[in-house]
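These protein sequences, in sequence, are chains E and H. All residue numbers for the first sequence refer to this note's numbering, where the first residue is 6 and numbers rise by one. All residue numbers for the second sequence refer to this note's numbering, where the first residue is 6 and numbers rise by one.
Number of protein chains: 2
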Amino acid sequence: MFRPEIKVLDCTVRDGGLINDHRFNDNFVREVYRAVSAAGVDYMEIGYRCSKSIISPDKFGKWKFCEEDEIRRAIDGIDSHTKLSVMVDVGRVEKADILPKKDSVLDMIRVATYVKDIDKAIDLVNEAVDKGYEGTVNIMAISRALDNELDEALAQLEEESKASVVYIVDSFGALYSENVQHLVGKYKKFLKNKEVGMHGHNNQQLAYANTIQAIIEGANYVDGTIYGIGRAAGNCPLELLLGFLKNPKFDVRPIFDVITNEFLPLREKIEWGYIIPYAITAMFNEHPRPAMAIRKTEDKDSYLAFYESLLPDDME
Amino acid sequence: MFRPEIKVLDCTVRDGGLINDHRFNDNFVREVYRAVSAAGVDYMEIGYRCSKSIISPDKFGKWKFCEEDEIRRAIDGIDSHTKLSVMVDVGRVEKADILPKKDSVLDMIRVATYVKDIDKAIDLVNEAVDKGYEGTVNIMAISRALDNELDEALAQLEEESKASVVYIVDSFGALYSENVQHLVGKYKKFLKNKEVGMHGHNNQQLAYANTIQAIIEGANYVDGTIYGIGRAAGNCPLELLLGFLKNPKFDVRPIFDVITNEFLPLREKIEWGYIIPYAITAMFNEHPRPAMAIRKTEDKDSYLAFYESLLPDDME
Chain E
6 MFRPEIKVLD
16 CTVRDGGLIN
26 DHRFNDNFVR
36 EVYRAVSAAG
46 VDYMEIGYRC
56 SKSIISPDKF
66 GKWKFCEEDE
76 IRRAIDGIDS
86 HTKLSVMVDV
96 GRVEKADILP
106 KKDSVLDMIR
116 VATYVKDIDK
126 AIDLVNEAVD
136 KGYEGTVNIM
146 AISRALDNEL
156 DEALAQLEEE
166 SKASVVYIVD
176 SFGALYSENV
186 QHLVGKYKKF
196 LKNKEVGMHG
206 HNNQQLAYAN
216 TIQAIIEGAN
226 YVDGTIYGIG
236 RAAGNCPLEL
246 LLGFLKNPKF
256 DVRPIFDVIT
266 NEFLPLREKI
276 EWGYIIPYAI
286 TAMFNEHPRP
296 AMAIRKTEDK
306 DSYLAFYESL
316 LPDDME
Chain H
6 MFRPEIKVLD
16 CTVRDGGLIN
26 DHRFNDNFVR
36 EVYRAVSAAG
46 VDYMEIGYRC
56 SKSIISPDKF
66 GKWKFCEEDE
76 IRRAIDGIDS
86 HTKLSVMVDV
96 GRVEKADILP
106 KKDSVLDMIR
116 VATYVKDIDK
126 AIDLVNEAVD
136 KGYEGTVNIM
146 AISRALDNEL
156 DEALAQLEEE
166 SKASVVYIVD
176 SFGALYSENV
186 QHLVGKYKKF
196 LKNKEVGMHG
206 HNNQQLAYAN
216 TIQAIIEGAN
226 YVDGTIYGIG
236 RAAGNCPLEL
246 LLGFLKNPKF
256 DVRPIFDVIT
266 NEFLPLREKI
276 EWGYIIPYAI
286 TAMFNEHPRP
296 AMAIRKTEDK
306 DSYLAFYESL
316 LPDDME
């Protein structure tokens, strides 16, 4: 697939940070930046920007906050055309922590939100765009969104927001290709002046396939992570995505190299990938939280018992 | 997806045998049979039937030959409605080794072939059907088949063969959903009186997604293996497939249990799954053979060098 409009965003450090409390060392972040820059990836999301007045810095590593001087240190001296982004969560950032663009190395701010918080997300993304950044809104837990509420949110985003991209975020890894087809179609119906983005999770080994499906349906902004690192089962593997896209600006080779040098050792220390409890939460269209919890216990591989623990009670 | 015509075939022992020279012990095969039977899986393929006059029994375990008394011992006493199949390779079996159905516990014979050997495959599958079995033809390496040759093979299969199912076999794990859509459409155009089957390989994490795509396009016979075991990256994980299919005859729970008890220990001894060299051979639409070879060397994780070793020479 070659469509010049397609933009790839690497969120290795940002989504990967969800499994190690954002405690990547500087060298790792540098090597990721070096690799994605050499690979011609359009954007790299280097972490979250949370406000230390809201989230305690005692509990998280520095990539939860992405202070400007930390970012500058990590990327210093590396030749790159890759733009930088951070993610901000509705309710976890003060507007004052979004600096004017001229004081920042960042190019893009991505606002993560649930449908119910869409008004707050619009307020936040407009703040970012007004300060000079590209802005996106990423609608999480999309597989649980009620149809009429999602319609309303998309109509609002089109009318009221200055975001240039609105993402489908399959937080639970629960979407099948038919759902992706339906959702991209819906997004495109409402968003006449914005691009559609796709962020998959790999609980059912569908993150890459769903990303291809989204591209086929017309999504032009797609997320990947190196070796698929990310919360729970992880994300769409960037190396597969670059193998699929035929745009000559991409070169997958630096990604293979950094997997060998940085990701194989890391995978020995923290886990992600095809792990049955995450597949099970996705089958139930549930947040991976209970699976993340059981993976920290002695029952981490008691799959049948875990499955049965999620069977619905009589809810009538 | 619920379509009563859909039949699921578990080929755990058959395709998994390709990574351990078919040396599963009896208890493992029994537990697989017990699990797929309890799960309501329609067919279980228990191995290959090769002739000992052609393939030396010194080099392979018993599931390369699947003698009747060995199968009977493995399944003895287990309550089951799951039908049994073996795969036969063109050129590796004598017709005399296909017993009359009344002397066999098998229900189905699946003939694996390349397009070029289609005449031999038709001869073999007709022999099996004449002896009382259900018969299928599985066209391997489909991502390398020349379009006109495949058309001719499918036309012949429709006219001359007694097979009830013809499979798409993505031996290299190289197909994308658009290719699956194209191929199922082509198969259905030629095969008016036969069912279409799908056997995926997971080199690019697309085996499950491609199987869903094949179902959407009208394929009614689909293969899976428990925990995705199989040559190289493995196959479509049966547990995901059963999670997708809504047919009430299926129960995924016994599969989760056997993964915990049998497959996690096995995975410590032999490897399959998302392993970068297999993704790379798939990107080049190559047989996984060079990746299988490098995985046995000290360079098994030198991904960039492996990628570059596959770059084409000047072939003009």
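Ideal Cβ placement from N, Cα and C applies to all residues, glycine included.
Under the three-state DSSP convention, the category residue i falls into
| i | result |
| --- | --- |
| E200 of chain E | strand |
| L180 of chain E | coil |
| D26 of chain H | coil |
| M49 of chain H | strand |
| I21 of chain H | Per the sequence shown, residue 21 of chain H should be read as Gly rather than Ile. G21 of chain H: helix per DSSP, three-state reduction. |
| Y138 of chain E | coil |
| N143 of chain H | strand |
| L162 of chain E | helix |
| T286 of chain H | helix |
| Y172 of chain H | strand |
| K125 of chain E | helix |
| K57 of chain E | coil |
| L151 of chain E | coil |
| A133 of chain E | helix |
| K12 of chain H | strand |
| A310 of chain E | helix |
| A117 of chain H | strand |
| K67 of chain H | helix |
| K167 of chain H | coil |
| H187 of chain H | helix |
| L269 of chain H | helix |
| L316 of chain H | coil |
| E291 of chain E | coil |
7 Å Cβ cut-off: residues of chain H touching residue i
| i | result |
| --- | --- |
| M288 of chain E | G248 |
CB-CB length for residue i against residue j, believed under 8 Å
| i | j | result |
| --- | --- | --- |
| K213 of chain H | L246 of chain H | The question names Lys, but residue 213 of chain H in the sequence shown is Tyr. At roughly 7 Å, the Cβ-Cβ gap stays under 8 Å, so Y213 of chain H and L246 of chain H are in contact. |
| P293 of chain E | N208 of chain E | 7 Å |
| N131 of chain E | S169 of chain E | The pair is not a contact, with the Cβ atoms about 12 Å apart (cut-off 8 Å). |
| A284 of chain E | F177 of chain E | Going by Cβ atoms, the distance from A284 of chain E to F177 of chain E rounds to 11 Å, so no, they are not a contact pair. |
| F268 of chain H | I231 of chain H | 6 Å |
| E50 of chain E | N225 of chain E | The Cβ separation is near 17 Å, so there is no contact. |
| C55 of chain E | V98 of chain E | 6 Å |
| V171 of chain H | K197 of chain H | V171 of chain H to K197 of chain H, Cβ: 12 Å. No contact. |
| A237 of chain H | H206 of chain H | 7 Å |
| R19 of chain E | M92 of chain E | 6 Å |
| I127 of chain H | S90 of chain H | Not really, about 18 Å apart at Cβ, beyond 8 Å. |
| D306 of chain H | T265 of chain E | 5 Å |
Contacts of residue i in chain H (Cβ-Cβ under 8 Å)
| i | result |
| --- | --- |
| Y308 of chain E | F261, D262, I264 and T265 |
| L211 of chain E | Y213 and A214 |
Short CB-CB distance (under 8 Å) between residue i and chain H
| i | result |
| --- | --- |
| A137 of chain E | According to the sequence displayed, residue 137 of chain E carries Gly and not Ala. No, G137 of chain E lies away from the interface with chain H (no Cβ there is under 8 Å from its Cβ). |
| Q186 of chain E | no |
| P253 of chain E | no |
| G278 of chain E | yes |
| I281 of chain E | yes |
| E244 of chain E | yes |
| A284 of chain E | yes |
Short CB-CB distance (under 8 Å) between residue i and chain E
| i | result |
| --- | --- |
| R300 of chain H | no |
| P205 of chain H | A small fix is needed here, since residue 205 of chain H is Gly in this sequence, not Pro. No, because no Cβ of chain E sits closer than 8 Å to the Cβ of G205 of chain H. |
| A214 of chain H | yes |
Within chain E, partners of residue i - CB distance below 8 Å
| i | result |
| --- | --- |
| Y181 of chain H | I217 and F249 |
Proximal chain E residues relative to residue i, where beta-carbon distance stays under 7 Å
| i | result |
| --- | --- |
| L1 of chain H | In the structure as shown, chain H starts at 6 and stops at 321, and residue 1 of chain H therefore has no counterpart that could be examined. |
| R258 of chain H | L309 and Y312 |
Any non-hydrogen atom of the ligand FAD within 7 Å of residue i CB
| i | result |
| --- | --- |
| E50 of chain E | As presented, the structure is devoid of all ligands, the ligand FAD included, so that no description of it is given. |
Entirely enclosed beta strand (DSSP E) segments - the segment 189–267 of chain H, minimum 3 residues: 200–204 and 226–229
Continuous beta strand (DSSP E) assignments of at least 3 residues falling wholly in the segment 71–115 of chain E: 88–94
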